[in-house]
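Asker: The structure's right below; bear with me while I get my questions together.
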Amino acid sequence: MSKIKKLGTRLANQIAAGEVVDRPASVLKELLENSLDANAKKIEVELEAGGTRRVLVRDDGEGIDSDDMALALDSHATSKIVALEDLDAVATLGFRGEALASISSVSRLRLLSNASADSGAGWEAACAGRDMDVELKPVARPKGTTVEVRDLFFNTPARRKFLRTEKTEYNHLEEVFRRNALAAFDRAFE
């Protein structure tokens, strides 16, 4: 059953924050917050080249229904709100439906998910850069979600130029990881 809905233009404009992906640490922050919002008990992170080559976040959270996989990568698509009044009751870290769309517009993104604990069957959605069609295919995987972000800023060389050294980017990533792990001390972070 589909949970994710595309926000209407007016509501999207009212709550727009202009998600900016400016470095690998901002990617990690968004992905960790998605895992926490999905009630994950275990969150694993893998990084390569200071996050510019690869950022992977794997969790055992609620997962995404197959009907919602492609929509999850669309901008202003969320399961948290449908009307402006819903903002009063938001108890999650994210609700605008911008994070995955923003990240996928400047990277090669793979989203793998399974929303059923009874099934080892899930779905993979892949896209790369702006205006790319989402490719969906079935995959075997346990309940939860994995987001793999590769080649950050491959299509925006000007942004890539502003990144610091690999070590500096790792330091920013480590800060985001620690901040989230300390705030969610009841979850396992690796």
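Start counting the sequence shown at 0; every next residue gets the next number (numbering that gives the first Met the number 0). A virtual CB, placed ideally from N, CA and C, is assigned to each residue, including glycine.
#1: Please name the residue or residues paired with residue 143 in a DSSP beta bridge.
#2: First and last residue of the beta strand (DSSP E) that includes residue 41?
#3: When DSSP labels each residue in this structure, what does residue 50 get in the three-state scheme?
#4: Output needed for residue 57: all residues of its chain with C-beta closer than 6 Å, excluding positions within five of it in sequence on either side, in chain order.
#5: Is the distance from the Cβ of residue 54 to the Cβ of residue 148 below 8 Å?
#6: Can you check which of these residues, 46, 24, 2, 38, is closest to residue 189 by C-alpha distance?
#7: Tell me whether residue 66 sits in a helix, a strand or coil according to DSSP, three-state version.
#8: Considering only residues of the same chain and omitting the five flanking positions on each side of residue 85, which have a CB-CB separation below 6 Å?
#9: Whose C-beta lies closer than 6 Å to the C-beta of residue 128 among residues of the same chain, with five residues either side of it excluded?
#10: Check this for me: beta carbons of residue 186 and residue 39, under 8 Å apart or not?
#11: Since residue 108 and residue 123 are thought to touch, with beta carbons under 8 Å apart, how far apart are those beta carbons, to the nearest angstrom?
#12: Within its chain, find whatever has a CB closer than 7 Å to the CB of residue 60; leave out the 5 residues flanking it on each side and keep chain order.
Answerer: Checking against the coordinates, here is how it stands:
#1: Locating residue 143 in the sequence shown gives position 144, counting from the first residue. Listed as beta-bridge partners of residue 143 by DSSP are 113.
#2: The sequence position of residue 41 within the sequence shown is 42, counting from 1. Segment 41-47, the beta strand (DSSP E) holding residue 41.
#3: Your numbering for residue 50 matches position 51 in the sequence shown. Residue 50 falls in the helix class under three-state DSSP.
#4: Indexing the sequence shown from 1 puts residue 57 at position 58. Here the set comprises 43, 145.
#5: Locating residue 54 in the sequence shown gives position 55, counting from the first residue. Locating residue 148 in the sequence shown gives position 149, counting from the first residue. Yes.
#6: Against the sequence shown, residue 189 aligns to sequence position 190. Checking every option, the nearest Cα to that of residue 189 belongs to 46.
#7: Here residue 66 is taken as the residue at index 67 of the sequence shown, counted from 1. DSSP places residue 66 in the helix class (H, G or I) of the three-state scheme.
#8: Position 86 of the sequence shown, counting from 1, holds the residue named residue 85. For residue 85, the predicted model reports a pLDDT of 47, less than 50, meaning its position is unreliable and no value from the coordinates is stated.
#9: As a first step, residue 128 must be located in the sequence shown, where it is residue number 129. Correct list, in chain order: 154.
#10: The residue labelled residue 186 in the question sits at position 187 within the sequence shown. The residue labelled residue 39 in the question sits at position 40 within the sequence shown. Yes; because the gap between Cβ atoms is below 8 Å, this pair is in contact.
#11: On the sequence shown, residue 108 is found 109 positions in, with the first residue counted as 1. On the sequence shown, residue 123 is found 124 positions in, with the first residue counted as 1. Residue 108 to residue 123, Cβ: 11 Å. No contact.
#12: Here residue 60 is taken as the residue at index 61 of the sequence shown, counted from 1. Only 34, 37, 38, 39, 143, 144 meet the Cβ criterion.
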